[in-house]
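Colleague: Below is the structure I would like to discuss, written out as structure tokens.
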Amino acid sequence: MLESYLTGLLVCGGIIVAIGAQNAYILSQAIRREHHWWAAGLCMVSDVLLFTLGMFGVSAALMAAPQALEVLRWLGVAFLGWLALQAFVRAGRGRAALKASGDVGRSLKRVILTTLAVTLLNPQVYLDTLLLIPAVGAQQSSAVTFVAGASSASILWFGGLAWFGSRLAPVLSKPGAWRVIDGVIGLMMAAIALQLALGGL
């Protein structure tokens, strides 16, 4: 059972790190201290649910409807492109009025909706959590322990992003730093959207 747990922890940890859209968004929220623990918590819960669903049969249904993945692909391209555009606009205009303490920030409702969109409109998330991870988990002696390890990886990673980003907030409170952060986030979102558009799934 320990081997299954560690396999889930390591394999899923590597996959989560590679999903750039979620990571960039959570880190940016944490640096701005805009409801970052809510955003990180939603990503954790989403991962746990998707890991569990993937291990218990949803992967077969998804494989039977490839057109659903294609729709998700283009929704993801559109949404990530929109996020990239927003980040580039912020980088160009600057954010002199925005403080790291979160004096001017988005509402909790908007942060929750955007977090859900970043998570659920990214087709790579479904490929990883509903197809790739179950394929690995099916080879383990304990599916439940494997899912527990995968869930632990998600909780540790997103919790770490939220904590680390918020600790950096005082250091990165200058307008020039925000321009760089927004520029990097915009480039990451644009690159992921372009890869989805050109490379497909």
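Note that numbering that gives the first Met the number 0 has the sequence shown beginning at 0, numbered continuously upward.
All C-beta atoms in this analysis are idealised placements derived from N, C-alpha and C, irrespective of residue type, glycine included.
Nothing here was measured: the structure is a model prediction, and the numbers come from that model.
1. What separation, rounded to the nearest whole angstrom, lies between the Cα atoms of Leu1 and Leu9?
2. Out of Ala38, Trp73, Gly13, Gly159, point me to the one whose CA is closest to Leu120's CA.
3. State yes or no: is the C-beta of Leu41 within less than 8 angstroms of the C-beta of Gly164?
4. If I measure Cβ to Cβ from Gly101 and keep anything under 7 angstroms in the same chain, skipping five residues before and after, which residues do I get?
5. Report yes if the C-beta distance between Leu131 and Ile15 is below 8 angstroms; otherwise report no.
6. Let me make sure I understand the geometry here. Which of Ala83, Thr51, Ala149 has the alpha-carbon closest to that of Ala23?
7. DSSP three-state label for Pro169, please.
8. Excluding the 5 residues flanking Ile118 on each side, which residues of the same chain have their C-beta closer than 8 angstroms to its C-beta?
9. CB Gly136 to CB Met54, shorter than 8 angstroms?
10. Out of Leu48, Arg105, Val47, Leu115, which has the shortest C-alpha to C-alpha gap to Phe78?
11. Near Leu5, which residues of its chain fall below 7 angstroms by C-beta distance, leaving aside the five closest residues on each side in sequence?
12. Is the beta carbon of Phe87 sitting closer than 8 angstroms to the one on Gly185?
13. I need the DSSP call for Leu120, collapsed to helix, strand or coil.
14. According to DSSP, is Val103 helix, strand or coil?
15. Alpha carbon to alpha carbon, what distance is there between Ala142 and Ile191?
16. Tell me the residue span of the alpha helix (DSSP H) that contains Phe50.
17. Give me the residue from Thr144, Leu160, Glu69 with the minimum Cα distance to Gln28.
18. Take Val110 as the anchor and find which of Ala196, Leu48, Val183, Ala39 has the nearest alpha-carbon.
19. Measuring CB to CB, does Leu195 end up less than 8 angstroms from Pro122?
20. Buried or exposed for Leu129, please, with buried defined as at least 16 other CB atoms from any protein chain shown within 10 angstroms of its CB.
21. Measure the beta-carbon distance from Arg89 to Asp181 and round it to whole angstroms, keeping in mind my assumption that it falls under 8 angstroms.
Modeller: To lay it out plainly:
1. For the purposes of this step, residue 1 is taken as the residue at position 2 of the sequence shown. For the purposes of this step, residue 9 is taken as the residue at position 10 of the sequence shown. If I take the Cα positions, the gap works out to 12 angstroms.
2. Locating residue 120 in the sequence shown gives position 121, where the first residue counts as 1. Out of Ala38, Trp73, Gly13, Gly159, Trp73 has the C-alpha closest to the C-alpha of Leu120.
3. Here residue 41 refers to the residue found at position 42 of the sequence shown. Here residue 164 refers to the residue found at position 165 of the sequence shown. No, these two residues do not count as a Cβ contact at 8 angstroms.
4. For this step, residue 101 is matched to residue 102 along the sequence shown. Caution is warranted here: a pLDDT of 44 is assigned to Gly101, below 50, making its placement in the model unreliable, and the coordinate value is therefore given only provisionally. The residues are Arg31, Arg32, Glu33.
5. What you label residue 131 is simply residue 132 of the sequence shown in a count that begins at 1. What you label residue 15 is simply residue 16 of the sequence shown in a count that begins at 1. Cβ distance not < 8 angstroms, so Leu131 and Ile15 don't count as in contact.
6. Locating residue 23 in the sequence shown gives position 24, counting from the first residue. Taking only the C-alpha atoms, the option nearest Ala23 is Ala83.
7. Stepping through the sequence shown from its first residue, residue 169 is reached at position 170. Here Pro169 sits in coil by DSSP.
8. Here residue 118 refers to the residue found at position 119 when the sequence shown is read from its first residue. Strictly speaking, residue 118 in this sequence is Thr, with Ile absent from that position. Excluding positions up to five away in sequence, the list reads Gln21, Leu41, Cys42, Ser45, Val124.
9. Numbered from its first residue, the sequence shown carries residue 136 at position 137. Numbered from its first residue, the sequence shown carries residue 54 at position 55. Yes; because the gap between Cβ atoms is below 8 angstroms, this pair is in contact.
10. The sequence position of residue 78 within the sequence shown is 79, counting from 1. Comparing Cα positions, the closest option is Leu115.
11. Walking along the sequence shown from the start, residue 5 turns up at place 6. Closer than 7 angstroms at Cβ, skipping near neighbours: Gly148.
12. Residue mapping note: residue 87 aligns to position 88 of the sequence shown, counting from 1. Residue mapping note: residue 185 aligns to position 186 of the sequence shown, counting from 1. Yes, these two residues count as a Cβ contact at 8 angstroms.
13. To locate residue 120, count along the sequence shown from 1; it is residue 121. Coil at Leu120, not helix or strand.
14. Position 104 of the sequence shown holds residue 103. Because Val103 sits at a pLDDT of 49, beneath the cut-off of 50, its placement in the model cannot be relied upon, and the point is left open.
15. Numbered from its first residue, the sequence shown carries residue 191 at position 192. Numbered from its first residue, the sequence shown carries residue 142 at position 143. So the alpha carbons of these two residues sit roughly 31 angstroms apart.
16. Here residue 50 is taken as the residue at index 51 of the sequence shown, counted from 1. Residues 35-52.
17. As a first step, residue 28 is located in the sequence shown; it is residue number 29 there, counting from the start. When each option's Cα is compared against that of Gln28, the closest is Leu160.
18. On the sequence shown, position 111 is the one that residue 110 refers to. If we check each option's Cα against that of Val110, Ala39 comes out closest.
19. Counted from its first residue, the sequence shown places residue 195 at position 196. Counted from its first residue, the sequence shown places residue 122 at position 123. In this structure, Pro122 lies closer than 8 angstroms to Leu195 by Cβ.
20. As a working mapping, residue 129 is identified with position 130 in the sequence shown. Under this definition Leu129 is a buried residue.
21. Here residue 89 refers to the residue found at position 90 of the sequence shown. Here residue 181 refers to the residue found at position 182 of the sequence shown. Between Asp181 and Arg89 the Cβ distance is about 4 angstroms, and since that is below 8 angstroms, they are a contact.
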